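Protein chains in written order, with this note's numbering: chain A, 28 to 533; chain B, 28 to 533.
Cβ atoms here follow ideal geometry from the backbone N, Cα and C, with glycine treated the same way.
Since the model is a prediction, treat every value here as computed from it, not as a measurement.
Below is one structure; the comments refer to it alone.
Protein chains: 2
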Amino acid sequence: MLTLRRLGIDAYRENIAFLRRDCAVVRAADFQVLNRVEIFAVGADGRPNGRAIRATLNLVDPGAVLQASELGVSDEAFAQLGLGEGSAVGIAPASPPASADALHAKVMGRSLSEAELRLLVTDVVANRYSKMELAAFVVAAANAFSRDEVLALTRAMIDAGTRLDWSAQGNTRMIVDKHSIGGIPGNRTSMIVVPIVAAHGLTCPKTSSRAITSPAGTADTMEVLARVALDAQEMRQVVEREHGCLVWGGHVNLSPADDIFIAVERPLSIDSPEQMVASILSKKAAAGVTHLVLDLPVGPTAKLRNTEDATNLRKLFEYVADAIGLIIEVIFTDGSQPIGRGIGPVLEARDVMAVLRNEPDAPADLRDKSLLLAARMLEFDPALRGGGGMQRARQLLASGAALAAMQRIMAAQGPPPEQCAPAALTMEIKAERSGMIAGIDCLHLARIARLAGAPFVKGAGIDLLEKTGAHVQAGQPLYRLHAGLASDLGFALKYALSDNGYRVSS
Amino acid sequence: MLTLRRLGIDAYRENIAFLRRDCAVVRAADFQVLNRVEIFAVGADGRPNGRAIRATLNLVDPGAVLQASELGVSDEAFAQLGLGEGSAVGIAPASPPASADALHAKVMGRSLSEAELRLLVTDVVANRYSKMELAAFVVAAANAFSRDEVLALTRAMIDAGTRLDWSAQGNTRMIVDKHSIGGIPGNRTSMIVVPIVAAHGLTCPKTSSRAITSPAGTADTMEVLARVALDAQEMRQVVEREHGCLVWGGHVNLSPADDIFIAVERPLSIDSPEQMVASILSKKAAAGVTHLVLDLPVGPTAKLRNTEDATNLRKLFEYVADAIGLIIEVIFTDGSQPIGRGIGPVLEARDVMAVLRNEPDAPADLRDKSLLLAARMLEFDPALRGGGGMQRARQLLASGAALAAMQRIMAAQGPPPEQCAPAALTMEIKAERSGMIAGIDCLHLARIARLAGAPFVKGAGIDLLEKTGAHVQAGQPLYRLHAGLASDLGFALKYALSDNGYRVSS
């Protein structure tokens with residue numbers, strides 16, 4: 028028997044076990060090469076009590092971080108085992124998870140059945156795979172995944188977590204939502220759309236993600252204004268009272284397999300149509316959404332580069348949504364440059380509030396896009412006259428009804444965890460030559476904002492001073508960097524000076 | 028500036044960096060999510076001195092294994108940085124390796140050019156990719172990799188390491204070798220073939236691998252009889268004197284990219300034709316081999332399940348070998364069951380010596396297969412009359428010339444690091460019913476031998492008492508497990524009792 032030791036190492040969602048090379052209890056070399064092990068709790072009677080996890084094994088030298096009879100674990104493994112420090116544990120070679128054959132078949136290019144995908148999702152959610160194995164699956168699926176596999180995976184992912192049911196509040200008719208596939212910095216339309224449709228009286232229980240590789244997610248930006256880390260019960264209370272919410276999905280356990288897949292897809296920059304569809308639709312269906320407006324930005328540096336790709340993706344969304352009984356409306360939007368002016372939580376929240384307050388200098392592109400999306404959501408309402416969505420959306424925004432709805436939602440969710448302002452260290456990036464701004468690289472600006480500290484420093488990021496179509500003089504400021512630390516400002520500046528992301532044509 | 032600390036953690040070929048969550052020098056959260064960082068040495072002048080590595084970042088809690096101003100690293104990262112403990116280092120977000128776009132293109136299904144594959148292999152050998160990224164590449168390549176990509180990858184892999192040149196010893200004619208694609212336990216023909224062809228006077232500088240997921244590699248088995256961890260210079264001396272050698276390739280740096288790919292392919296059970304060809308031919312060409320006999324075992328539990336697959340693989344080997352100027356002879360062999368009796372280094376070495384000593388009860392299948400392969404290699408010799416290879420091989424074996432050559436090679440390589448005998452704890456696995464042995468599962472027996480401790484305990488493994496075609500009575504022993512530790516015997520026994528791997532038909 029070994030003694031469990033939490034090493035306080037965060038291996039970013041991976042179960043890692045650490046064993047001394049000269050372990051006094053088992054021979055470490057036995058486990059090293061296949062390097063997947065099972066760790067099990069040992070009860071008072073000296074026998075396994077049934078609680079077990081799988082982990083990747085790292086060997087540790089004598090005299091380093093462990094005693095010879097200790098088994099160290101990463102934070103993820105410790106949390107999953109659910110035992111106290113010093114508990115008695117055993118270790119054994121891990122037999123492959125039940126779905127290992129299916130995973131291997133997929134890697135070798137075979138199609139999987141719904142039963143195989145269900146087994147696989149079960150093992151994924153139980154953390155039985157290493158990140159290397161998960162990467163193998165997502166890459167294989169990005170290369171060959173039929174429509175019916177996407178559908179089967181979506182169904183399995185929905186069933187693998189919590190499914191919200193809104194019928195208890197007597198509203199079985201319609202749960203509306205909107206989603207953007209992302210990739211466009213500053214694109215915080217949800218924070219305007221949700222108050223508009225909630226003010227109209229439609230129910231919109233919006234859950235959002237935090238940024239993983241982008242400079243801000245809707246959850247990060249909303250957190251500048253209100254608490255977002257609500258659990259399912261708290262979220263329900265807000266929605267019952269205010270018709271809408273803007274919360275972080277992390278505490279709600281909707282499609283947990285999606286979060287695990289994303290943790291490997293993002294570092295690998297995998298954004299295949301098949302994975303987007305399974306990811307988004309599983310989350311929405313699990314949230315109890317019945318009517319969805321989907322925003323597909325198309326542009327040279329967006330996820331979708333041309334209309335052909337966008338159309339193929341639209342059809343895949345429609346195929347799966349129809350099969351799982353979700354009404355979907357897909358809209359192609361302009362993805363040629365960032366939306367609004369701010370990139371980063373505080374700067375984006377400022378733009379959102381400027382639109383909701385009808386301020387004269389509020390970013391027009393953010394307002395117009397939000398109205399377009401809100402209009403299409405309002406059209407789901409059978410009571411509204413066909414084609415009347417845009418007029419209704421404009422009216423709710425102009426009258427201040429949307430702003431009032433936003434303020435009620437903020438109050439219902441609670442105050443934000445910290446008060447934030449734009450970060451104090453700034454630096455302007457200037458045009459290298461005179462001419463017209465012909466394009467702004469979304470990926471590049473996202474990376475610069477991220478290096479400046481967004482989203483971890485809420486006030487960090489970029490404030491765009493000029494956008495596509497404007498004429499600029501050489502030396503004229505294009506955008507302003509905001510950072511909280513000199514080192515971050517340095518990282519961002521170095522990258523921005525190598526290429527500022529603006530294409531200026533003479 | 029941070030202080031470098033070696034944590035003594037072996038992350039199995041992966042560069043891992045550990046940083047305190049509350050680091051006093053940089054904000055750890057900046058680096059966490061993209062989680063690939065660059066670690067660079069800081070010179071006496073306080074500036075980066077050019078030495079840098081890439082690593083995956085894990086965050087560590089205060090009070091755990093690190094001080095707040097320390098940067099911990101895994102053994103791999105420490106070795107690669109080449110700095111002393113306590114050295115001043117800095118950390119920065121890692122920009123993607125030069126070949127990142129190519130890797131991503133491959134993941135998304137595009138073919139890569141030779142230039143792109145060269146760039147990628149350079150980054151792989153410089154350890155610039157995480158295992159997750161490497162897994163993404165090997166899976167994408169397993170799904171779609173053209174013949175010309177295989178050829179280009181092979182060339183890039185050859186050029187990325189040491190290339191042995193045998194012309195200095197005046198032997199520019201012919202360097203012969205044999206290789207088996209593996210998967211058949213006990214298949215230690217190299218240790219018989221090399222002495223035969225060396226006794227004839229052909230030059231055969233054989234490098235082999237240690238087992239990764241199998242119960243024994245040729246290097247593990249040869250190490251029972253002689254030292255195998257020779258460097259390139261020592262290997263050259265042995266070959267110059269004895270015409271042949273049987274050494275471990277790990278110190279020779281032939282096709283180092285191959286070793287890195289294998290470290291992710293094996294745990295993922297990826298054995299695609301494309302990867303086998305690039306792996307084997309890059310190693311052989313780098314070793315200076317000019318004439319190769321390739322053993323492709325075909326059988327229901329072998330890597331190749333049928334003649335069609337074997338033929339496709341043969342053609343791919345021929346295509347690439349022709350293009351790189353390597354003469355290849357491909358032989359399909361019986362892969363329906365293990366070869367010889369022993370599985371595990373000591374037991375396999377016993378079988379090999381029994382064949383070389385012409386003992387009457389030496390395993391006939393091991394002897395016959397070795398003679399077949401040696402005969403084909405001998406036919407490469409222009410001086411030999413066409414069709415005379417088998418007769419010559421038999422003669423060299425029967426006369427004791429092969430045994431004498433083996434003994435000279437053993438003496439030249441030096442004594443083994445330890446004296447080993449079959450492991451003392453034994454247990455017999457018995458037939459559950461009477462009948463004829465219709466098949467033996469190679470994969471299953473390999474797994475049982477591995478659980479019993481092979482190859483780490485050299486004397487551990489399996490001794491086969493009955494093979495395919497034999498008639499057995501219920502209760503009659505089929506094979507004997509050998510283990511060095513009671514826990515290993517328990518792991519192996521549990522697995523063998525759930526399924527003994529023998530198919531007995533009545």
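From this set, Ser-532/B, Val-177/B, Ala-171/B, Ala-402/B, which residue's C-alpha is nearest Val-203/B's C-alpha?
-> Translated into positions along the second sequence, residue 203/B becomes position 176. Considering only alpha carbons, the answer is Ala-402/B.
Cβ distance (whole Å) where Pro-120/A is taken to contact Val-64/A below 8 Å | Here residue 120/A is taken as the residue at index 93 of the first sequence, counted from 1. Here residue 64/A is taken as the residue at index 37 of the first sequence, counted from 1. At roughly 6 Å, the Cβ-Cβ gap stays under 8 Å, so Pro-120/A and Val-64/A are in contact.
In angstroms, rounded to a whole number, what distance separates the CA positions of Asn-76/B and Ile-287/B?
-> Taking the second sequence and counting its residues from 1, one reaches residue 76/B at position 49. Taking the second sequence and counting its residues from 1, one reaches residue 287/B at position 260. Their backbone Cα atoms lie some 27 Å apart in a straight line.
Applying a beta-carbon distance threshold of less than 8 Å, which residues of chain A neighbour Ile-354/B?
-> Position 327 of the second sequence, counted from the first residue, corresponds to residue 354/B. By Cβ distance, chain A contributes nothing, its closest Cβ being about 31 Å from Ile-354/B, past 8 Å.
Take Ala-389/B and list the residues in its own chain whose beta-carbon comes closer than 6 Å to its own, dropping the five residues that flank it on each side.
-> For the purposes of this step, residue 389/B is taken as the residue at position 362 of the second sequence. Only Ala-381, Val-382 meet the Cβ criterion.
Spatial neighbours of Leu-393/A within its chain, please: CB distance less than 6 Å, with the 5 preceding and 5 following residues excluded, ordered by chain position.
-> Looking up residue 393/A in the first sequence gives position 366. Contacts found: Ile-366, Gly-367, Asp-378, Val-382.
Alpha carbon of Leu-29/A to alpha carbon of Ala-479/B, nearest angstrom | Translated into positions along the first sequence, residue 29/A becomes position 2. Translated into positions along the second sequence, residue 479/B becomes position 452. Going by the C-alpha atoms only, they are around 21 Å apart.
Would you mind sorting Lys-550/B into buried or exposed? The rule is 16 or more other CB atoms within 10 Å of its CB.
-> One cannot answer for residue 550/B here, as it falls past the ends of chain B, which runs 28 to 533.
Taking 8 Å as the CB-CB cut-off, is Pro-120/A touching chain B?
-> Reading the first sequence from its first residue, position 93 is the one you call residue 120/A. Interface residue, yes.
Nearest candidate by alpha-carbon position, reference Pro-387/B, set Phe-483/B, Ala-425/B, Gly-416/B, Gly-414/B = Here residue 387/B corresponds to residue number 360 of the second sequence, with the count starting at 1. The option with the nearest alpha carbon to Pro-387/B is Ala-425/B.
Identify the residues that DSSP records as bridge partners of His-278/A: which are they?
-> The residue given as residue 278/A occupies position 251 in the first sequence. DSSP lists no partner for His-278/A.
Rounded separation between Pro-504/B and Glu-493/B - CA only = Position 477 of the second sequence, counted from the start, is the residue given in the question as residue 504/B. Position 466 of the second sequence, counted from the start, is the residue given in the question as residue 493/B. If I take the Cα positions, the gap works out to 8 Å.
Do you know offhand how far Val-466/A's Cα is from Ile-211/A's?
-> Reading the first sequence from its first residue, position 439 is the one you call residue 466/A. Reading the first sequence from its first residue, position 184 is the one you call residue 211/A. The identity of residue 466/A in the sequence shown is Gly, whereas the question assumes Val. In a straight line, the C-alpha of Gly-466/A is about 13 Å away from that of Ile-211/A.
Collapsed DSSP secondary structure at Glu-65/A in the structure displayed = Working through the first sequence from its first residue, we reach residue 65/A at position 38. Residue state, collapsed to three classes: strand.
How many angstroms separate the CA atom of Met-96/A from the CA atom of Arg-32/B?
-> For the purposes of this step, residue 96/A is identified with residue 69 of the first sequence, where counting begins at 1. For the purposes of this step, residue 32/B is identified with residue 5 of the second sequence, where counting begins at 1. It should be noted that the sequence gives Ser, not Met, for residue 96/A. Cα to Cα, Ser-96/A sits roughly 23 Å from Arg-32/B.
Completely contained beta strand (DSSP E) runs for the region 240-286 of chain B, where each covers 3 or more residues = 271-275
Rounded to a whole number of angstroms, what is the C-alpha to C-alpha distance between Arg-332/A and Gly-362/A?
-> Taking the first residue of the first sequence as position 1, residue 332/A is located at position 305. Taking the first residue of the first sequence as position 1, residue 362/A is located at position 335. C-alpha separation (whole angstroms): 9 Å.
Identify the residues that DSSP records as bridge partners of Pro-504/B: which are they?
-> What you label residue 504/B is simply residue 477 of the second sequence in a count that begins at 1. The partner list for Pro-504/B (beta bridge, DSSP) reads Lys-457/B.
Residue-level contact to chain B via CB, Ile-66/A, 8 Å cutoff = On the first sequence, residue 66/A is found 39 positions in, with the first residue counted as 1. Output row for Ile-66/A: interface = no.
Would you mind reading off the limits of the alpha helix (DSSP H) that contains Asp-392/A?
-> The count along the first sequence starts at 1 and reaches residue 392/A at position 365. Residues 391-405.
Hey, does Glu-160/B have any beta-carbon neighbour from chain E nearer than 8 Å?
-> Structure shown: chain E not included; protein chains present are A and B.
Whole-angstrom distance between Gly-70/A and Ser-114/A, CA atom to CA atom | To locate residue 114/A, count along the first sequence from 1; it is residue 87. To locate residue 70/A, count along the first sequence from 1; it is residue 43. So the alpha carbons of these two residues sit roughly 9 Å apart.
Tell me whether the beta-carbon of Val-220/B lies closer than 8 Å to the beta-carbon of Met-404/B.
-> Within the second sequence, numbered from 1, the residue matching residue 220/B stands at position 193. Within the second sequence, numbered from 1, the residue matching residue 404/B stands at position 377. In this structure, Met-404/B lies closer than 8 Å to Val-220/B by Cβ.
Touch test, the region 130-139 of chain A against the region 158-170 of chain A, Cβ-Cβ under 8 Å, three pairs minimum | yes
Which value, in whole angstroms, describes the spacing of the CA atoms of Phe-67/A and Ala-38/B?
-> Translated into the one-based positions of the first sequence, residue 67/A becomes position 40. Translated into the one-based positions of the second sequence, residue 38/B becomes position 11. Cα-Cα distance, rounded: 22 Å.
Near Ala-259/B, which residues of its chain fall below 8 Å by C-beta distance, leaving aside the five closest residues on each side in sequence?
-> On the second sequence, position 232 is the one that residue 259/B refers to. Cβ neighbours of Ala-259/B beyond the five flanking positions: Thr-189, Leu-191, His-278, Val-279, Asn-280.
With C-beta atoms as the reference, is Val-134/B less than 8 Å away from Ile-297/A?
-> Stepping through the second sequence from its first residue, residue 134/B is reached at position 107. Stepping through the first sequence from its first residue, residue 297/A is reached at position 270. Going by C-beta atoms, Val-134/B is nearer than 8 Å to Ile-297/A.
Cα separation between Pro-294/A and Leu-452/B?
-> Numbered from 1 along the first sequence, position 267 holds the residue referred to as residue 294/A. Numbered from 1 along the second sequence, position 425 holds the residue referred to as residue 452/B. Distance between the alpha carbons of Pro-294/A and Leu-452/B is about 48 Å.
Determine the extent of the alpha helix (DSSP H) in which Phe-344/B is found, giving its start and end residues.
-> In the second sequence, the residue the question calls residue 344/B occupies position 317. Per DSSP, Phe-344/B belongs to the alpha helix (DSSP H) from 334-351.
To which residues does DSSP link Met-463/B through a beta bridge?
-> If you number the second sequence from 1, residue 463/B lands on position 436. Partner(s): His-498/B, Ser-532/B.
Measuring CA to CA, which of Leu-470/B, Ile-239/B, Ala-473/B, Gly-462/B is closest to Thr-495/B?
-> The count along the second sequence starts at 1 and reaches residue 495/B at position 468. Looking at the Cα atoms, Gly-462/B is the closest of the given residues.
Extent of the continuous beta strand (DSSP E) to which Leu-31/A belongs = One-based indexing of the first sequence puts residue 31/A at position 4. 29-33 is the span of the beta strand (DSSP E), which, as asked, contains Leu-31/A.
For the region 471-490 of chain A against the region 339-358 of chain A, are there 3 or more C-beta pairs whose distance is under 8 Å?
-> no
Pair within 8 Å by beta-carbon distance, Thr-234/B and Val-347/B = In the second sequence, residue 234/B corresponds to position 207, counting from 1. In the second sequence, residue 347/B corresponds to position 320, counting from 1. Cβ distance not < 8 Å, so Thr-234/B and Val-347/B don't count as in contact.
Classify Gly-371/B as helix, strand or coil using the three-state DSSP reduction.
-> For the purposes of this step, residue 371/B is identified with residue 344 of the second sequence, where counting begins at 1. It is coil, neither helix nor strand.
For Pro-222/A, which of Gly-99/A, Gln-422/A, Ala-51/A has the nearest alpha-carbon?
-> Taking the first residue of the first sequence as position 1, residue 222/A is located at position 195. Among Gly-99/A, Gln-422/A, Ala-51/A, the Cα nearest to that of Pro-222/A belongs to Gln-422/A.
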